[in-house]
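Heads up: the sequence shown at position 26 corresponds to 25 in numbering that gives the first Met the number 0, and the numbers run straight through without jumps.
Even for Gly, the Cβ is constructed at its ideal location relative to N, Cα and C.
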Amino acid sequence: MNHKLFSILLLSVFLIISVESTFAQNGLKGRNNIKASHSRYIFRGAHFFQLEYNSGLTKFIEAGAYLATNPDFYLLQVINPTTNEPFIIGLDSRAYNYGIQTNIHPLQLLIKDGHRFRLDLYFNAKIGGRYSPVPADALPQKENYFFYDIGGGLAYHFYKHWGVFMEYNYRSPAKFRYGLSIKF
C-alpha cells in the first residue's frame, strides 16, 4: 500500500471518530437491520435475490454481510453415445454472491435524539466475491472472482420495525434493487 493511500485512510478514520464524538451515541448504534431484496439483471431478465444483515457501529455508520443468488447459464460439449459425435448443450445453473458492506446514513446527523425519523437516505460500499459452481469444461469458463460496488439507497419505515427500501448500485449488473427492511 503506498504512503498516500495509507495517509488518506488514516485521516478518514480520525475524521469519522471526531465527528462521531460530537454527536450523541443514539441513531444506528446498537440497531440491527435485515433486508430481503429482489432485482432483475439488465440483460436476460434474470432475477437476483439478496439477503443482508447490518449492525449499527456508530450513530451514522452500519456494517454487515450479504448473500445473494442469481441464475447462471453455461454451455457444455458432450459426446453423443450412439454416434460418437460431439454436440453442445445449454444448461442452467445458479451463481452465488457474498461479501461485506458498509452503509453511511447522513440524515442521522441531523436527527435529534429520541425522534423517530421514518425516511432514511444512505450510501453504501460493498466488496465481495462470486461463486459459480459449473464444470471445469464449461463454455464460457466461469471463474470465481472478487468485485466491489458503490451505491445509495432510500428506505421508508411504515412502522417502528418494518419498512421498504430501494437501492441503486453503480457496478452491479442488476442496477436497482428493492425489498423489505426489518429493524430491531
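**Message:** Check whether the stretch 65-72 and the stretch 123-135 touch, using three or more Cβ-Cβ pairs below 8 Å as the test.
**Reply:** yes
**Item:** Between the CA atoms of Tyr73 and Gly89 - distance to the nearest angstrom
**Value:** 6 Å
**Message:** Is the beta carbon of Ser36 closer than 8 Å to that of Tyr155?
**Reply:** no
**Request:** Consult DSSP for Ser20 and reduce its assignment to one of helix, strand or coil.
**Result:** Because Ser20 carries a pLDDT of 44, less than 50, the predicted location of this residue cannot be relied on, and no value is offered for it.
**Request:** Inspect the CB distances between the stretch 96-114 and the stretch 75-88 and report whether three or more fall short of 8 Å.
**Result:** no
**Asked** Closest to Ser38 by CA distance: which of Lys174, Glu84 and Arg30 is it?
**Response** Lys174
**Asked** Going by beta carbon distance, what residues of the same chain come within less than 7 Å of Phe22, once the five residues before and after it are set aside?
**Response** Any reading at Phe22 must be qualified, since the residue scores a pLDDT of 42, below 50, and its modelled position is unreliable; no value is offered.
**Request:** For Phe183, count neighbouring C-beta atoms within 10 Å of its own C-beta (all shown protein chains included) and say buried if the count is 16 or more, exposed if not.
**Result:** exposed
**Message:** Per DSSP, what are the beta-bridge partners of Ile110 in this structure?
**Reply:** Looking at the DSSP assignment, Ile110 forms no beta bridge with any residue, so it has no partner.
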